[in-house]
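Q: Numbering (the numbering used here), first residue to last: 19 to 285. Heads up, the beta-carbon is just placed ideally off N, CA and C, and yes, glycines get one too. Computed from a predicted model, the values in this text were never measured in an experiment. Have a look at this one.
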């Protein structure tokens with residue numbers, strides 16, 4: 019692995035942690051196109067597996083800080099929504115081995131575009147937030163759908179779940195990132211085990227590869243993510259809600275366009 023490649027992966031770790039702490043998205047939405055660019059011959063399933071492992075590592079770091087901040091969440095809903103996400107993730111995971119790379123990337127691009135537009139158009143009704151609390155079933159359906167897309171694409175679920183969870187009336191905007199970081203860890207466990215247990219068609223030399231996961235990439239990104247975590251929490255407390263939502267929409271739309279253009283260029 020070259021020095022320039024290591025520097026790029028370190029920057030990825032910094033951005034991954036920043037996005038996870040501020041927007042509640044795990045960075046898989048960032049890592050999938052970057053790994054696809056840096057390692058064009060790496061199978062999309064291996065990119066998804068490595069991305070998912072990075073997302074879970076970064077989420078665990080953020081959860082440590084969230085616990086110290088004592089941000090309140092509904093643990094019953096968290097468990098119910100996480101279980102729904104796990105079912106969706108498993109279905110998406112198995113489906114990812116039955117469809118072509120073009121289909122997976124197509125789902126990736128369409129999902130991010132829709133979520134970006136939904137983020138821009140979303141208006142939160144505060145009165146509705148206070149009166150409508152029974153949204154467990156709605157949240158479960160959201161998580162099942164988000165988990166399925168995450169399992170297919172390796173996005174990690176956070177970039178999908180953050181815009182969806184933020185629309186649930188019972189969830190305070192400040193606690194969205196806490197919910198989604200928990201879900202990224204809980205929902206990713208089964209998927210990660212599947213990737214580790216499978217025998218890949220391609221083995222990359224000197225990459226500490228186990229199954230479909232390249233742990234040399236994971237270690238570099240997660241360690242740099244850890245060193246960025248304190249600053250990320252500080253920045254999270256400064257950025258206003260509306261600004262964060264607009265930034266999230268722009269990031270999702272940019273990455274969707276980038277991934278589409280990259281795929282067209284690579285053929």
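For the stretch 72-81 against the stretch 120-138, do three or more pairs of beta-carbon atoms, one drawn from each stretch, fall closer than 8 Å, so that the two count as touching?
A: The stretch 72-81 makes no contact with the stretch 120-138; the number of CB pairs closer than 8 Å stays below 3.
Q: How far does the alpha helix (DSSP H) with residue 33 in it reach, from first residue to last?
A: Residue 33 -> alpha helix (DSSP H) spans 21-41.
Q: What is the rounded straight-line gap between the Cα of residue 239 and the Cα of residue 27?
A: Approximately 6 Å between the Cα atoms of the pair.
Q: In its own chain, which residues sit with a C-beta less than 6 Å from the C-beta of residue 270, not counting the 5 before and 5 after it?
A: 130, 133 and 134
Q: Determine the contact status of residue 127 and residue 278, defining contact as a CB-CB distance below 8 Å.
A: Going by C-beta atoms, residue 127 is nearer than 8 Å to residue 278.
Q: Are at least three pairs of beta-carbons, each pair with one atom in the stretch 242-250 and one in the stretch 106-113, less than 8 Å apart?
A: no
Q: Report yes if the CB atom of residue 53 is closer than 8 Å to the CB atom of residue 38, and no otherwise.
A: no
Q: My understanding is that residue 196 touches residue 89, with C-beta atoms under 8 Å, so please give their C-beta distance in whole angstroms.
A: 5 Å
Q: On the three-state DSSP scale, how would you describe residue 63?
A: helix
Q: Return the chain-ordered list of same chain residues with a C-beta closer than 7 Å to the C-beta of residue 91, the five sequence neighbours on each side being excluded.
A: 193, 196 and 197
Q: Could you check the C-alpha separation between residue 156 and residue 224 for me, to the nearest Å?
A: 45 Å
Q: State the start and end residues of the unbroken alpha helix (DSSP H) segment that holds residue 198.
A: 194-215
Q: Near residue 103, what residues of its chain come up, given a Cβ to Cβ distance below 6 Å and the 5 sequence neighbours on each side ignored?
A: 161, 165, 201 and 205
Q: Could you check the C-alpha separation between residue 98 and residue 21 for me, to the nearest Å?
A: 44 Å
Q: Tell me the rounded alpha-carbon separation between residue 210 and residue 259.
A: Each residue's Cα considered, the two are about 32 Å apart.
Q: Below 8 Å on the Cβ atoms is my guess for residue 153 versus residue 181; work out the distance and round it to an integer in Å.
A: With a Cβ gap of about 15 Å, residue 153 and residue 181 do not count as contacting.
Q: Measure from the alpha carbon of residue 61 to the alpha carbon of each residue in 212, 29, 122 and 81, then state which is nearest.
A: 122
Q: Exposed or buried, what is residue 255 when buried is set at 16 or more other beta-carbons lying within 10 Å of its beta-carbon?
A: exposed
Q: Per DSSP, residue 227 is paired with what?
A: 232
Q: Can you list, in chain order, the residues of its chain whose CB lies under 8 Å from that of residue 282, leaving out five sequence neighbours each side?
A: none
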